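Written out below as C-alpha cells is the structure these notes cover.
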Amino acid sequence: MGKSLVIVESPAKARTINKYLGSQYEVKASYGHVRDLVPKEGAVDPERDFAMKYAPIEKNQRHVDAIAKAAEKAEALYLATDPDREGEAISWHLVELLRDKGVLDGKPVYRVVFHEITQSAIQEAMQHPRDISAELVNAQQARRALDYLVGFNLSPLLWRKITSGLSAGRVQSPALRMICEREREIERFEPQEYWTIEADAAKGEQPFAAKLSVLAGEKVRQFTITDEARAREVEQTLREAARAQADPAALGPAGGEAEVIGELRVAAVERKQRRRNPAAPFITSTLQQEASRKLGFTASRTMRIAQQLYEGIDVGEGGAVGLITYMRTDSVSLSQEAVAEMREVIAERYGKAMLPGKPKAYKTRSKNAQEAHEAIRPTSAARHPDEVRSYLSDEQRKLYELVWKRAVACQMKHATIHTVAVDLAADADGQHLLRATGSSVADPGFMVVYREGSDDGKDDTGEKFLPELAEGERVALHAVRPEQHFTEPPPRYTEASLVRALEEYGIGRPSTYASIISTLQQRNYVEMDGKRFIPTDIGRTVNKFLTEHFERYVDYDFTARLEDDLDAISRGEQDWVPVLESFWRPFRERVEEKKGVSREEVVQARELGTDPETGKPVTVRIGRYGPFAQLGSRDDDEKPRFAGLRPGQSVDTITLEEALALFQLPRDMGETEAGEPVQVSIGRFGPYVRFANRFVSIPKGEDPYTITRERALELVREKKQADANRTIHDFGDGVQILRGRYGPYVTNGEKNAKVPKEREPSELTYEECQELLAKAPARKGRRGGARRGRSKATS
1 MGKSLVIVES PAKARTINKY LGSQYEVKAS YGHVRDLVPK EGAVDPERDF
51 AMKYAPIEKN QRHVDAIAKA AEKAEALYLA TDPDREGEAI SWHLVELLRD
101 KGVLDGKPVY RVVFHEITQS AIQEAMQHPR DISAELVNAQ QARRALDYLV
151 GFNLSPLLWR KITSGLSAGR VQSPALRMIC EREREIERFE PQEYWTIEAD
201 AAKGEQPFAA KLSVLAGEKV RQFTITDEAR AREVEQTLRE AARAQADPAA
251 LGPAGGEAEV IGELRVAAVE RKQRRRNPAA PFITSTLQQE ASRKLGFTAS
301 RTMRIAQQLY EGIDVGEGGA VGLITYMRTD SVSLSQEAVA EMREVIAERY
351 GKAMLPGKPK AYKTRSKNAQ EAHEAIRPTS AARHPDEVRS YLSDEQRKLY
401 ELVWKRAVAC QMKHATIHTV AVDLAADADG QHLLRATGSS VADPGFMVVY
451 REGSDDGKDD TGEKFLPELA EGERVALHAV RPEQHFTEPP PRYTEASLVR
501 ALEEYGIGRP STYASIISTL QQRNYVEMDG KRFIPTDIGR TVNKFLTEHF
551 ERYVDYDFTA RLEDDLDAIS RGEQDWVPVL ESFWRPFRER VEEKKGVSRE
601 EVVQARELGT DPETGKPVTV RIGRYGPFAQ LGSRDDDEKP RFAGLRPGQS
651 VDTITLEEAL ALFQLPRDMG ETEAGEPVQV SIGRFGPYVR FANRFVSIPK
701 GEDPYTITRE RALELVREKK QADANRTIHD FGDGVQILRG RYGPYVTNGE
751 KNAKVPKERE PSELTYEECQ ELLAKAPARK GRRGGARRGR SKATS
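Here it is in C-alpha cells:
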C-alpha cells in the first residue's frame, strides 16, 4: 500500500504533524503561498469577469517541484494548510499547479482542517475530510483582486503627484487616515485651565484624601473653577467653614505633626459590592493589544512568536507539540473539551471554590467571526507555563504564559470588589461637600491568575483603603489644596489602540493588522515617538491627496461595508464578481478623472513669511526626495535656495525662524593643514564634511548645524587615514591599486580591473595596470548604463 501525501504550510508544522500520522503518510511543506498574481498590469481583467493571471512564486518553486514529485507516487493528497481563507486559497492554488503538471489524475484530493496541532485534533481532522471550499477561495480571490486593483491604479498616481516608492492600500489608507486625523486633533487642541480642590483629612492616625464635589449646594464640574483667584477664594471658604464647625479643643497642632485647621462631618456613607467578570479568551486583535501593553511586543512580533507556539515546540514530550491553538481568529468560543480541562486545572490548582457553578460561555460580537472556530488558548491547560519554561525562549515563555493565564482565568469565578464612598460636610448645613472613595478586593476570584491591562499598562483594581467611618462622626481636616490642571489632547495611537480602533470600525481582519502597521512604517508614512505613531510629512501628503480626491475609498464605513461583503462571499451569501463590479466601475472613473490633478495641487506650498535679510519669501513643501524649505521664488532673477528639513521637523508645524536656520548650510569650516577648504552640509544621502573635492559622512546623531571645526577636521583626518590604508599604490595620474571589499583591484576612475590571484598587488607596474584596465569592462552607473567619460576640461 502506497503512502498518502499531506501538505502543510511550514516545515516546523510538517515535522510536528509527521510524528502523529505514522509511516503511511508523507508530510511536506508548501512554505506558504505557491502562486500569486503576475506582478504587472493586467493581472486582473475587469472586462472578463475579473479573470486573474497567476504565476508560480519563484522562491517556492523547488518546494512545489518536491511536492509534485511526491504526489506522483502518492495514493491520495490531503491538504492541511491553515484553517482560514489564505490557507484555503493555498490549497486551491497548489491543486491547480499539480493538475497542470498531470500528477493528480485519478487520485482523491481531501481538505482537512484543524485548529490545534495535537494528536487528537489531527487524527480527528484526517477522519473527517471535506472538499476545498469554493466560497472561501472566492472570498480570498476577491480580496486579492481588490487589493491589486487599488494598488495598481492608485500607487502610480502617488508616484506622479508626490514621489516614487509610495503605495496606497484598501485597508492601509484608512488606517493612515486615522493616524493623521488624530495628529490634527492634537495640533488643533487648545488646553483649558481648570482647578480641583483636594483636602487632607484623617481619622485618628489614618490619613485619607477627599475632593470637593458640591460647592454652595451645586455639583462641582470640571470647569466650575477655572482660575487661581477663584480657587483661592473657595479654599478660604472651606477653611473658614470647617473651622467654624470644629470643636475649638480639636484645633491646632496634632501631636506636633500636621496642624488641624478644622473638622469635617461625615454626612453620608455609601457601601456597594460589585462584581468584575473575567475577560473573554484571546482573539487575534486582543492578543496583539495585550501583548503590546503587557509585554511591549509589536503586532508582527506577537504573530511571529504565536506562529512558533502554534506550529510546535519540543517540550520534552517525545517531539514537537503545538502549545496554542490557531492564532488568526476572531471567535471567542471554546470547545467543551477545552473548557472541561480548564475546570479540572482550576479545581486542582486554585481550589473548587474558584469555579463558577457552570462553565462560562462567550459569544463573538462580530457576525463575521468564521475564520476559525475557537479562541486562542493553550492546547492543554494542564501544560502549565512553569512546566515548559525551560524549553522556551524568553519571548515564547512570556506569550505562552499570557495565553494560558487569560484562557484559564476566563473559566474562573468573578472577582468581588467592595467600594465605599463617603460625603464629608465642611459646613453645618451640608452646602459644601467633599467626597472620599475607597475600594478593596473582597474575593479576588479570577484575578489570582490574570488581570487585564490598559493602555498605560495598569489595571483599575488597585486597593485604596478608607478608615471605618459612620454617619455623624467628625474627622480632622489638615489641609485644603487647590490643584491646577489643564485639559490634555487625545493620545496618539499605539499599536494596541490602533488595532482596537480598526477592529471597532470593522476595518481589516485578524490576519491583516500586523501587515497594515508594518506597511505604514516601511513606506515611511509614520514614525514612532516612543510607542506612539506620528505621521510623517509624506504620510500626511498621501493622506491629504487620498481624502481630498478619493474620499469614498478611505471612508471608514465604506471600507467596513466592503469587508462585510467579502465575508458574505466566504459564507456563500454573495457572488464575488458583482461585489468587485460594484467597486471597480466608480473607482476606475475616479482614477481617470484625477489623473489631471496637477502636482502643485497635491503638494501645496506652505508660506512661512519673509526673510528679513533678503526680503524673499520662505516656503516649505514636499519634494521628490522629501520635505524641504525654499528661500526665494522661481520668478526671481537669482535661483531659489533649498534646504531639507531636519529630523523631527514637519511641513505643517515648522516656523519661519526654524526654516531660516536651515539655510545656514553649507557652513565654511576653514581649511585643513594641507590648505584644503572644508565645508559642512547636507546632501541627498545625509550630512557630510567636504574637503577639496572629497567627502566624508557625518556620523548619525551628530548635527551638521552645530558640529565644531575641530570635529570636522577629525573626521577629515580619519577619512584620509582610511583612504591611505586602502591605497596599495598611487601612480599619480589617477591610476591606483586599491584594497576593495572583494580583494585588490586596479582603477583609473572609469574602469576597475581585478588583480590576478597569482600576482602580488604591490609589484604590479604601471604598464601592467594599463593592460589590465584596457581589458576590463566599463563601470556601470547607478542606473545600469556605462559611466560617462571625463570631460575635456577635467581630463
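Just so you know, we're using the UniProt record's numbering here: the sequence shown kicks off at 1 and counts up by one.
Beta carbons: idealized from backbone N, C-alpha and C, even for Gly.
Keep in mind that this is a model prediction, so the values were computed, not measured.
Can you grab the Cα-Cα spacing for the pair Gly-255 / Phe-465, in whole Å? What you label residue 255 is simply residue 255 of the sequence shown in a count that begins at 1. What you label residue 465 is simply residue 465 of the sequence shown in a count that begins at 1. Low per-residue confidence applies at Gly-255: pLDDT is 46, beneath 50, and the placement is therefore not dependable, though the value from the model is reported in the following sentence. Cα-Cα distance, rounded: 23 Å.
Simplified DSSP state of Ile-417, which is helix, strand or coil: The residue you call residue 417 lines up with position 417 of the sequence shown. Three-state DSSP puts Ile-417 in a strand.
Same chain, Cβ closer than 7 Å to Ser-633, neighbours up to 5 away in sequence not counted: To locate residue 633, count along the sequence shown from 1; it is residue 633. Excluding sequence neighbours, Ser-633 sits near Pro-617 and Pro-640.
Taking only three categories from DSSP, how would you classify His-478? As a working mapping, residue 478 is identified with position 478 in the sequence shown. It is a strand residue.
How many Å lie between Ala-71 and Glu-337 at the Cα? Walking along the sequence shown from the start, residue 71 turns up at place 71. Walking along the sequence shown from the start, residue 337 turns up at place 337. So the alpha carbons of these two residues sit roughly 35 Å apart.
Within its chain, find whatever has a CB closer than 7 Å to the CB of Gln-679; leave out the 5 residues flanking it on each side and keep chain order. Counting from one through the sequence shown, the residue named residue 679 turns up at place 679. The residues are Pro-666, Arg-667, Asp-668, Met-669 and Arg-690.
Fully enclosed by the region 705 to 734, which alpha helix (DSSP H) runs are 4 residues long or longer? Runs found: 709 to 726.
Nearest to Tyr-54 (by Cα), restricted to the options Glu-86, His-373, Leu-79 and Glu-96: Against the sequence shown, residue 54 aligns to sequence position 54. Ranking Glu-86, His-373, Leu-79 and Glu-96 by Cα distance to Tyr-54 puts Glu-96 first.
Cα separation between Glu-768 and Gly-732? Here residue 768 refers to the residue found at position 768 when the sequence shown is read from its first residue. Here residue 732 refers to the residue found at position 732 when the sequence shown is read from its first residue. Cα-Cα distance, rounded: 15 Å.
Contact between the region 506 to 518 and the region 300 to 313 (3+ Cβ pairs under 8 Å): The answer is yes - the region 300 to 313 touches the region 506 to 518, with three or more Cβ pairs under 8 Å.
How long is the line joining the alpha carbons of Arg-741 and Glu-702, rounded to whole angstroms? Here residue 741 corresponds to residue number 741 of the sequence shown, with the count starting at 1. Here residue 702 corresponds to residue number 702 of the sequence shown, with the count starting at 1. If I take the Cα positions, the gap works out to 27 Å.
Under 8 Å between C-beta atoms of Ile-17 and Ile-90: Here the question's residue 17 lines up with position 17 in the sequence shown. Here the question's residue 90 lines up with position 90 in the sequence shown. Contact flag unset, no.
Find the nearest neighbour of Ala-605 within the set Gln-630, Arg-588, Lys-594 and Pro-612, judged by alpha-carbon distance. Locating residue 605 in the sequence shown gives position 605, where the first residue counts as 1. Distance check between Ala-605 and each of Gln-630, Arg-588, Lys-594 and Pro-612 places Gln-630 closest, using alpha-carbon atoms only.
Count the other CB atoms within 10 Å of the CB of Asp-730; is the residue buried (16 or more) or exposed (fewer)? As a working note, residue 730 is residue 730 in the sequence shown. The residue in question, Asp-730, is exposed, as its Cβ has fewer than 16 Cβ neighbours within 10 Å.
Within 10 angstroms of the Cβ of Lys-413, are there 16 or more other Cβ atoms? Answer buried if so, exposed if not. Locating residue 413 in the sequence shown gives position 413, where the first residue counts as 1. Buried, by the Cβ-count rule.
Label residue 797 either buried or exposed according to how many other C-beta atoms from any shown protein chain fall within 10 Å of its C-beta, with 16 as the threshold for buried. Look at the range of the chain in this structure, 1 to 795, and you will see that residue 797 is not part of it.
Relative to the C-alpha of Asn-725, which candidate in Pro-744, Asp-427, Val-526 and Glu-658 has its C-alpha closest? Here the question's residue 725 lines up with position 725 in the sequence shown. Checking every option, the nearest Cα to that of Asn-725 belongs to Pro-744.
Just to confirm the assignment, what range does the beta strand (DSSP E) spanning Asp-105 have? Sequence index remark: in the sequence shown, residue 105 carries index 105 (1-based). From DSSP, Asp-105 is part of no beta strand (DSSP E); its letter is neither H nor E.
What does DSSP give as the partner residues of Lys-754 in its beta bridges? Translated into the one-based positions of the sequence shown, residue 754 becomes position 754. In the DSSP output, where bridge partners are listed per residue, Lys-754 has Tyr-745.
DSSP three-state call for Gly-255: helix, strand or coil? Walking along the sequence shown from the start, residue 255 turns up at place 255. Bear in mind that the predicted position of Gly-255 carries a pLDDT of just 46, short of 50, making it too unreliable to give a figure here.
Residues in the same chain with beta-carbon distance under 6 Å from Ser-133, minus the five sequence neighbours each way, listed in chain order, please. Residue 133 sits at position 133 when you count from the first residue of the sequence shown. Setting aside the 5 residues that flank it on each side, Ser-133 is surrounded in the same chain by Glu-88, each with a C-beta closer than 6 Å to its C-beta; the list follows chain order.
Per DSSP, which one or two residues make a beta bridge with Met-528? As a first step, residue 528 must be located in the sequence shown, where it is residue number 528. According to DSSP, Met-528 bridges with Phe-533.
Taking the C-alpha atoms as reference points, what is the distance between Val-315 and Ala-568? Looking up residue 315 in the sequence shown gives position 315. Looking up residue 568 in the sequence shown gives position 568. The alpha-carbon atoms of Val-315 and Ala-568 are separated by roughly 41 Å.
Would you say the beta carbon of Glu-75 is closer than 7 Å to some non-hydrogen atom of the ligand MG? In terms of ligand content, the structure shown is empty, and the ligand MG therefore cannot be addressed.
Got a sec, what are the start and stop residues for the beta strand (DSSP E) Phe-550 sits in? Here residue 550 corresponds to residue number 550 of the sequence shown, with the count starting at 1. Phe-550 -> no beta strand (DSSP E), and no H or E assigned at all.
CA nearest to the CA of Asn-277, picked from Leu-355, Asp-247, Val-480 and Val-64: The sequence position of residue 277 within the sequence shown is 277, counting from 1. Taking Asn-277 as reference, the option from Leu-355, Asp-247, Val-480 and Val-64 with the minimal CA-CA separation is Leu-355.
Among the candidates Glu-473, Ile-707 and Glu-116, whose CA atom is the shortest distance from the CA of Thr-379? On the sequence shown, position 379 is the one that residue 379 refers to. It is Glu-116 whose Cα lies nearest to the Cα of Thr-379.
For Thr-118 versus Val-321, is the C-beta spacing smaller than 8 Å? Looking up residue 118 in the sequence shown gives position 118. Looking up residue 321 in the sequence shown gives position 321. Yes, they are a contact pair.
Span separating the alpha-carbon of Pro-687 from that of Glu-527: Position 687 of the sequence shown, counting from 1, holds the residue named residue 687. Position 527 of the sequence shown, counting from 1, holds the residue named residue 527. Roughly 20 Å between the two C-alpha positions.
Is there contact between the region 382 to 401 and the region 412 to 430, where contact requires at least three CB pairs shorter than 8 Å? no
If you compare alpha carbons, which of Arg-177, His-93 and Ser-155 is closest to Leu-136? The count along the sequence shown starts at 1 and reaches residue 136 at position 136. Closest by alpha carbon: His-93.
Quick check on Phe-558: does DSSP put it in helix, strand or coil? Your numbering for residue 558 matches position 558 in the sequence shown. Three-state DSSP puts Phe-558 in a helix.
Taking Ile-737 as the reference, give the member of Ala-241, Gly-453 and Leu-773 with the closest Cα. As a first step, residue 737 is located in the sequence shown; it is residue number 737 there, counting from the start. Selected option, being the one with the closest Cα: Leu-773.
Do the CB positions of Thr-196 and Glu-483 come within less than 8 Å of each other? For the purposes of this step, residue 196 is taken as residue 196 along the sequence shown, with counting starting at 1. For the purposes of this step, residue 483 is taken as residue 483 along the sequence shown, with counting starting at 1. Yes, the pair counts as a contact, with Cβ atoms nearer than the cut-off.
Please classify Gly-445: does DSSP put it in a helix, a strand, or coil? For this step, residue 445 is matched to residue 445 along the sequence shown. Of the three classes helix, strand and coil, the one that applies to Gly-445 here is helix, per DSSP.
Within this structure, are the beta carbons of Leu-660 and Leu-434 separated by less than 8 Å? To locate residue 660, count along the sequence shown from 1; it is residue 660. To locate residue 434, count along the sequence shown from 1; it is residue 434. No.
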